[in-house]
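Data first, discussion second: the structure below is written as structure tokens.
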């Protein structure tokens with residue numbers, strides 16, 4: 002049984018943004034009443050459908066639990082609400098979106114080569130990393146960050162950051178290969194125009210556009226881990242006028258695999274009103290505790306921030322190029338004990354320590370040395 006309530010995750014994100022900026026004293030009462038009203042509405046809708054909030058899909062369920070567990074009597078206060086940073090959109094860099102579209106087309110056109118030739122893979126991966134570095138350099142020159150980009154450019158930048166991780170880039174190409182295999186199986190010689198499949202950071206699950214000589218099917222990056230039966234549902238529309246069910250696709254986008262990828266891209270830019278202190282856990286305190294206890298205080302502090310999206314599987318991520326650790330806001334709840342957040346921080350700091358190793362043309366993050374040191378964490382099995 003699943004109960005769907007549209008907009009609950011969006012409300013959660015808005016609440017998180019308000020908490021990160023601090024609540025002006027004059028808005029405290031309105032903020033509390035809004036959160037309480039949302040909680041009451043969710044519970045009422047669930048009762049009407051003879052269920053409970055535990056019957057919500059995982060992202061909505063986590064959003065509800067977060068709001069339900071908020072300490073509304075101890076909210077962060079913003080005494081200077083007009084003293085804010087420059088808004089998103091202040092940083093203008095041309096052609097970020099266009100560059101991403103060209104890269105997507107190149108991945109599709111040269112897919113076989115990228116999957117089999119390590120030099121081709123390394124060349125395109127370096128191009129992606131160079132684009133990330135160029136964007137960040139321009140932002141630094143203006144004393145801004147990529148979070149100040151307009152939303153379309155910011156989403157394109159987050160996509161590039163995601164692919165700058167070599168494991169993610171390989172997963173991206175593997176996802177294209179699965180989609181291509183299903184496309185070839187379904188099409189035979191029945192396609193009047195060739196179909197080009199692209200993955201990108203987008204709010205829709207997929208969209209397609211017909212041109213004079215080809216069709217572009219643009220899909221959410223979260224679909225790189227989709228199995229063949231999901232791709233069969235997506236691609237059948239090009240070979241029949243019948244209306245097909247999207248049951249498998251609808252179920253897949255609720256899975257941890259899909260949500261983790263979206264969350265990782267969302268966490269690629271540090272929020273404009275970022276703070277390491279959450280409602281329950283403080284990232285600075287967690288880092289100091291873990292660093293002193295397990296690394297003898299010798300680990301340099303990376304950039305730390307909470308992501309802005311609830312996750313159900315992957316709870317942390319270390320980005321080597323940007324020396325940034327992101328922890329899932331799902332952990333910032335009263336029912337999550339210290340040893341769990343300590344373990345996630347420890348795991349990500351091990352990624353910082355060991356880096357990415359290359360062996361036989363492949364990149365590995367979880368090496369034997371990494372795994373051996375990971376098991377030294379006292380509560381490894383419980384965490």
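Numbering (my numbering), first residue to last: 2 to 384.
Beta carbons: idealized from backbone N, C-alpha and C, even for Gly.
Check, Outcome
"Sort 42, 374, 372 and 122 by Cα distance to residue 165 and report the nearest one.", "122"
"Quick one: complete alpha helix (DSSP H) runs, 4+ long, within the region 275-359?", "284-295 and 339-355"
"Run through DSSP, which three-state label would residue 5 get?", "coil"
"Mind checking which residues open and close the beta strand (DSSP E) that includes residue 210?", "207-211"
"Thinking just about the alpha-carbon of each residue, which of 250, 256 and 176 is nearest to the one in residue 201?", "176"
"Just grab the DSSP bridge partners of residue 221 for me.", "201"
"Look up residue 196 in the DSSP assignment and give the residues it is bridged to.", "216"
"At which residues does the alpha helix (DSSP H) containing residue 61 begin and terminate?", "59-69"
"Once the 5 residues before and after residue 236 are set aside, which same chain residues still bring their CB inside 7 Å of it?", "183, 184 and 187"
"Could you tell me if residue 250 is buried or exposed, where buried requires 16 or more neighbouring beta carbons within 10 angstroms of its beta carbon?", "buried"
"Thinking C-alpha only, which one of 311, 323, 278 and 286 is nearest residue 270?", "323"
"When you compare the region 253-264 with the region 212-227, are there three or more beta-carbon pairs, one atom per stretch, that lie closer than 8 Å?", "yes"
"Which residues in the same chain have their Cβ closer than 7 Å to the Cβ of residue 61, if we skip the five residues on either side of it in sequence?", "6, 9 and 10"
"Start and end of the alpha helix (DSSP H) containing residue 167?", "167-188"
"What does DSSP give as the partner residue(s) for residue 78 in the beta ladder?", "24"
"Is DSSP giving residue 111 helix, strand or coil here?", "coil"
"State the DSSP-derived secondary structure class of residue 241, mapped to helix, strand or coil.", "coil"
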